[in-house]
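S.K.: The structure under discussion is supplied below as structure tokens; questions concerning it will follow.
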Amino acid sequence: MKDIIIITGGTSGLGLELVKESLNKGYFVCNLARNKEKMAELDEEFTENYKGFVGDISDESFVNTSIREISKLGNISVLINCAEKGVFKRATEYNSEDIDISLTGLKGMILCTTAVLNVKYENLKIVNIMSSAALKGNKTETVYCAAKWGERGYTEALKTEYKGTSIKIVGVYPGGMNSNFWNNSRDYVSEEKANTFMNSKDVAKVIMDNISYDNLNVSDIMIERK
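Adding 894 to a residue's 1-based position in the sequence shown gives its number in the working numbering.
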């Protein structure tokens, strides 16, 4: 039976690098992301041990349908919640739409985790990729930090709920990475500044190396720039 790794947000940035690294490690990769055009390109590039699912991870119907289909393909071994969005403004400038956008990752994390836990009851690793913003408060990141702190709270509560079982929860807290995540926030992080951030490929390798052990579990991974 195939060992399946599910990755959300795997069409760009860290998510895409995690897809590539997972394929290199021999997993069958199921990629959940909303970019239809990019997913079509990946479908052509990865012709073996790969299947893409196009949709919004904050859409409960899409998530549940996809996870049920994936469960029929083989053994779900790992879920990596990587998809995220962020809006960066002064505290007085946020509106309702900004809040909804920033909470997409948290909602998707909960929906995907719930769906997987409902079809896989043991021997599962759930990896929640957050941010160093889940560990501290940052100026002009009030709502982003709120979302990330929510993800951290959810992750810690999962650890408590599944303590002593074969369901293992891993929290990942990377610092800034040079990726297209910042494309819509160039007034906050310029391209020049982003070039000083960590390489997404390097971060993906660190994550996959640390979650690939069979005889031990790394519960928290913090990755920072030098």
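C-beta: ideal position from N, C-alpha, C; glycine also.
Please read these numbers as outputs of a predicted model, since none were measured by experiment.
#1: How would you call residue 993, buried or exposed, if buried means at least 16 neighbouring beta carbons within 10 angstroms?
#2: May I ask you to verify whether the segment 981–1001 touches the segment 909–929, counting CB pairs closer than 8 angstroms and requiring at least 3?
#3: Can you name the start and end residues of the alpha helix (DSSP H) that residue 1013 belongs to?
#4: What's the C-alpha gap between residue 1025 and residue 1040?
#5: With a 10 Å radius around its C-beta and 16 neighbouring C-beta atoms as the bar for buried, classify residue 1062 as buried or exposed.
#6: For residue 1067, decide whether its Cβ has a neighbour in chain B, counting only Cβ atoms nearer than 8 angstroms.
#7: Can you give me the Cβ contacts of residue 1193 inside the same chain, cut-off strictly under 7 angstroms, excluding the 5 residues immediately before and after it?
#8: Using 8 angstroms as the cut-off, can you tell me whether the segment 1015–1023 makes contact with the segment 913–921, which would need three or more C-beta pairs spanning the two stretches below that distance?
#9: What is the DSSP secondary structure of residue 1002, reduced to helix, strand or coil?
#10: Under the rule that 16 or more other beta-carbon atoms within 10 Å means buried, what is residue 885, buried or exposed?
#11: Could you spell out where the beta strand (DSSP E) holding residue 933 opens and where it closes?
#12: Report the partner residues of residue 947 according to the DSSP bridge assignment.
#13: The alpha helix (DSSP H) spanning residue 996 covers which residue range?
#14: Skipping 5 residues on each side, what residues in its chain have a beta carbon closer than 8 angstroms to that of residue 1031?
#15: Kindly identify the DSSP beta-bridge partner or partners of residue 1021.
M.R.: So, to answer that:
#1: Per the 10 Å Cβ criterion, exposed.
#2: No, they do not touch.
#3: No residue range can be given for residue 1013, since it is assigned to no alpha helix (DSSP H) and is classified by DSSP as neither H nor E.
#4: Each residue's alpha carbon lies about 11 angstroms from the other.
#5: Classification for residue 1062: buried.
#6: Among the chains of the structure shown, chain B does not appear; only one protein chain is present.
#7: The displayed coordinates of the chain run from 895 to 1120. Any statement about residue 1193 would go beyond what the structure contains.
#8: No, the segment 1015–1023 is not in contact with the segment 913–921.
#9: Looking at residue 1002 - three-state DSSP - the assignment turns out to be helix.
#10: Nothing about residue 885 can be reported from this structure: the residues present for the chain run from 895 to 1120 only.
#11: That residue, residue 933, is in no beta strand (DSSP E); its alpha helix (DSSP H) goes 930–939.
#12: Answer is 926.
#13: 990–996 is the extent of the alpha helix (DSSP H) around residue 996.
#14: Within the same chain, and ignoring the five residues on either side of residue 1031 in sequence, the residues whose Cβ sits closer than 8 angstroms to its Cβ are 1039.
#15: Looking at the DSSP assignment, residue 1021 forms a beta bridge with 974, 1064.
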